[in-house]
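This report refers to the structure that appears directly beneath it.
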Amino acid sequence: MKKTEEKMDYSKLGLKCGLEVHQQLDTDKLFIRTPSTLTDEINFTIERKLRPVASEMGEYDKTALEEFKRGETFFYSGNSANISLVELDEEPPQPLDREALKTILEVSALCNSTTVSTIIPMRKTILDGSNTSAFQRTCLVSIGGEIKINTQKNEKKIRVQTIVLEEDSARPIKKEEGKIFYNLDRLGIPLIELATEPDITTPQEAILTAKKIGEIMRLTCKTKRGKGTIRQDINISINEGARCEIKGCQELEMIGTVIEKEVERQLDLIKLAKEIKTKFVEKEELKKATNNEIKNVTKIFQNTEAKFIKGKEVYGLKLSKMKGLLGQKVGAKRFGSELSAYAKASGVSGILHKDELPNYGISEKEVKETTNILECKEEDNFVLIVTNEEKAKKAFDAIKNRIILAYDGVVKETRGALEDASSEYQRPISGETRMYPETDIPYEKIDEKYLEQIKQNLPKSVKEREELYKKLGLSTNHIEEMKLNNYARFFEELVKKGTNPTVTATTLLQTLTELKRENIDIEKIQKKEIEKLLIAEAKNKINKSLIKKSLIEISTGKSVEKILSSQKTINTKEIEPIIEKIVSKNETLIKTRGLGAIGPLMSDVLKEKTLNTIDKKTLSEILTKQIKEKMKK
1 MKKTEEKMDY SKLGLKCGLE VHQQLDTDKL FIRTPSTLTD EINFTIERKL RPVASEMGEY
61 DKTALEEFKR GETFFYSGNS ANISLVELDE EPPQPLDREA LKTILEVSAL CNSTTVSTII
121 PMRKTILDGS NTSAFQRTCL VSIGGEIKIN TQKNEKKIRV QTIVLEEDSA RPIKKEEGKI
181 FYNLDRLGIP LIELATEPDI TTPQEAILTA KKIGEIMRLT CKTKRGKGTI RQDINISINE
241 GARCEIKGCQ ELEMIGTVIE KEVERQLDLI KLAKEIKTKF VEKEELKKAT NNEIKNVTKI
301 FQNTEAKFIK GKEVYGLKLS KMKGLLGQKV GAKRFGSELS AYAKASGVSG ILHKDELPNY
361 GISEKEVKET TNILECKEED NFVLIVTNEE KAKKAFDAIK NRIILAYDGV VKETRGALED
421 ASSEYQRPIS GETRMYPETD IPYEKIDEKY LEQIKQNLPK SVKEREELYK KLGLSTNHIE
481 EMKLNNYARF FEELVKKGTN PTVTATTLLQ TLTELKRENI DIEKIQKKEI EKLLIAEAKN
541 KINKSLIKKS LIEISTGKSV EKILSSQKTI NTKEIEPIIE KIVSKNETLI KTRGLGAIGP
601 LMSDVLKEKT LNTIDKKTLS EILTKQIKEK MKK
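The numbering of the sequence shown is full-length UniProt numbering, which starts it at 1 and goes up by one.
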């Protein structure tokens, strides 16, 4: 990224960026008390088609209309163990999940954002199939506030625009022609959407801001982890450009490159617009240049060597005076790729244009015949689409529209981030007509006392946690792993109640992780049972070596009380005399070999029946300590 920053003066270019960070919460679903776990085990599938509805003003959202025109059918699969009638849009939603509400109020307070007095659930029209109801429920919770970042020059404040609580969409599985398949397990998982003002002026600032927002979210200890649980959308514009929203950036370090590539793309589009104006002085001239007859050119390719086109319907459109235009560089791709993305959005797999045909195995003879049928001159170009006539007409309309828009430079649109950090057109940027009130959920009035209570009990900052954990004697690795872990607040509660800090950290960070890898259902191990177990360890009622075994028993439904009463517990004070006898019997060996006697004596220790349930590490520590004491005498 540094090389690009050296080439570009972002201040001179007038770069403005705003982030929308979407973070999944580790709670129940937002409007139904079903678990928010993902599973590929399905036992039902339903089929639906979605239609747009008008807003209260009688207007249709242009994004919804464009998605509806694609005419796609949606298939929703799920498992009845974690999917209810609410996700299927066959039952009214339940009230807001209280844990999710508390979490977003904490995030709002941490950002010094002003919480609204009443939360009014709204519906956001979405017709891409990712919601069975054709809308997403969303709630504005707070406005304003700030995020502080430390740049290389100074501390900078990035203003917060809004903090919103909303439902996540269904999980996309696959796409076929005219069909999209989803898994319903993700639908309804609570999302916090934090949107900033366009105060970010460099790619590096964007990375720092996203990182800080993620840190604030994780301080609550209620966020999900792993790929897909946090997503960043980036709004980007430059002088003479337009705001483009790049959606779905999942990797933190990718953010900077996405911005760089979008700036490059916008600069190329501005340059392209100037070139178009040298050929077409008025926009009407450009419209006429695209307004040619769509012709069926299928017969030309009946015996073609290009397998992807052979035996299929092919339609062509002449683009007057546009030779070489579609091959012009636009970001990491060509202008033809921009047109192709618009065509894809209308329901076809892509386009071919004259500037690139040699790359697809189409012969010079076929190009010449196509040129003749479409009545192209030397200065003209043409576009081919492999599909049926109805879809071809829709796709050509989209292509014509995109070419005309290029006359004005950068188009205001929503784009999707790709793996190489470039982006592709998805749809127009949505307007206000997309939102309307939710009629099935009552308003949520925020109690001032409850809000004040939350503000008085906010999570510690990263710095405060680092200082506390160091004071408690945790290792550097434990401090680093715990400070933004979902167990951090639970850890702090346990230590306050007298548990051993190191044993507690090891149990939460390592032992539970090991059990999960061993397919033990740790969701069945309640926090209150972990608390009882660790308090018992701190009081020498159970040896730390038995914690893992005890947690496995707890996962099967056994209580800590039963575990303590059913096993003979050997604490350190009981172990030491037994080992001391072994050490005393081997004084000569210790005098001769010193610490080298640990190995042979450890074998003797492990032969003791009363000690074989104790972990070797504990036994080794006690044995080593006693040998050292014997060596001093």
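Virtual Cβ for every residue (Gly too), placed ideally from N, Cα, C.
Beta-carbon proximity list for residue i, same chain, < 7 Å, skipping 5 on both sides
i, result
"I547", "T507, T511, L533, E537"
"T138", "M122, K124, V164, E166"
"E6", "Caution applies to E6, whose pLDDT of 49 falls short of 50 and renders its modelled position unreliable; the model cannot decide the point."
"T115", "L105, S108, V141, S142, I446, L451"
Selected residue, minimal CA-CA separation from residue i, among the options
i, options, result
"E574", "I454, E293, I542", "I542"
"K124", "K400, S117, A134", "A134"
"L606", "G596, L623, K591", "L623"
"T151", "V107, T196, L140, A206", "A206"
"F181", "R98, F44, V281", "F44"
"I403", "Y436, I441, S340, G347", "S340"
"G594", "P577, K630, R98", "K630"
"S113", "I120, I119, L105", "L105"
"P600", "T618, K585, I362", "K585"
"V263", "A421, I83, I126", "A421"
"S77", "Q23, K391, N183, L451", "N183"
"I259", "L187, R159, A417", "A417"
"K49", "E20, P459, E366, G71", "G71"
"K212", "Q23, G596, Y436", "Q23"
"K625", "E608, K609, I579", "I579"
Span of the alpha helix (DSSP H) around residue i
i, result
"V372", "As written in the sequence, residue 372 is Asn, which differs from the Val given in the question. N372 -> alpha helix (DSSP H) spans 364-373."
"G594", "That residue, G594, is in no alpha helix (DSSP H); it is neither H nor E in DSSP."
"T506", "501-506"
"L219", "203-219"
"G256", "254-279"
"Q479", "The residue asked about is misnamed: residue 479 is Ile in this sequence, not Gln. Per DSSP, I479 belongs to the alpha helix (DSSP H) from 476-482."
"Y10", "10-13"
Proximity test, residue i beta-carbon vs the ligand FMN heavy atom, cut-off 7 Å
i, result
"T298", "This structure does not include the ligand FMN; it has no bound ligands of any sort."
Residues near residue i by beta carbon distance below 6 Å, same chain, minus five either side
i, result
"K12", "none"
"K237", "Contrary to the premise, residue 237 reads as Ser rather than Lys in this sequence. Closer than 6 Å at the Cβ level, and outside the excluded window around S237, lie K16, R243."
"K524", "S555"
"K354", "N381, F382"
"P93", "F31, V86, D440, I441"
"K279", "K321"
"G409", "L269, I270, A273"
"G327", "R334, D355"
Beta-carbon separation (whole angstroms), residue i vs residue j, contact threshold 8 Å
i, j, result
"L191", "E166", "5 Å"
"S88", "T132", "The residue you asked about is not Ser; residue 88 is Leu in the sequence shown. Going by Cβ atoms, the distance from L88 to T132 rounds to 6 Å, so yes, they are a contact pair."
"I255", "A210", "6 Å"
"I147", "I158", "4 Å"
"L468", "N485", "No, L468 and N485 are not in contact; Cβ-Cβ is about 14 Å, not under 8 Å."
"T220", "T103", "5 Å"
8 Å Cβ shell around residue i - same chain, five flanking residues per side excluded
i, result
"K3", "Because the pLDDT at K3 is just 44, under 50, the model does not fix this residue reliably, and the value given afterwards should be weighed accordingly. Cβ within range, chain order: n/a, list empty."
"G18", "Q161, A195, T196, E197, P198, D199, I200, I234, N235"
"K527", "F490"
"L474", "M482, P501, T502, A505"
Per-residue DSSP class, three states only, for residue i
i, result
"P121", "coil"
"L47", "Checking the sequence shown, residue 47 turns out to be Glu, not Leu. Correct three-state label for E47: strand."
"S36", "coil"
"T4", "With a pLDDT of 45 at T4, under the threshold of 50, the predicted position of this residue should be treated as unreliable, though the coordinate-derived value follows. Helix at T4."
"V462", "helix"
"S237", "strand"
"K157", "strand"
"Q510", "helix"
"A195", "strand"
"residue 673", "Past the edges of the chain, shown from 1 to 633, lies residue 673, and the structure says nothing about it."
"G336", "helix"
"N150", "strand"
"I399", "helix"
"K179", "strand"
"R186", "helix"
Minimum Cβ-Cβ distance from residue i to chain C less than 8 Å
i, result
"I104", "Absence of chain C from the displayed structure is noted, only one protein chain being present."
Element boundaries [beta strand (DSSP E), containing residue i]
i, result
"V86", "Element bounds for V86: n/a, residue is neither H nor E."
"P428", "423-428"
"R489", "Taken as a continuous stretch (DSSP letters only), R489 belongs to no beta strand (DSSP E), being part of the alpha helix (DSSP H) at 488-496."
"S142", "135-143"
"P577", "Segment 572-585 is the alpha helix (DSSP H) holding P577; no beta strand (DSSP E) there."
"G416", "413-417"
"G248", "244-249"
"Q23", "16-24"
"R171", "171-176"
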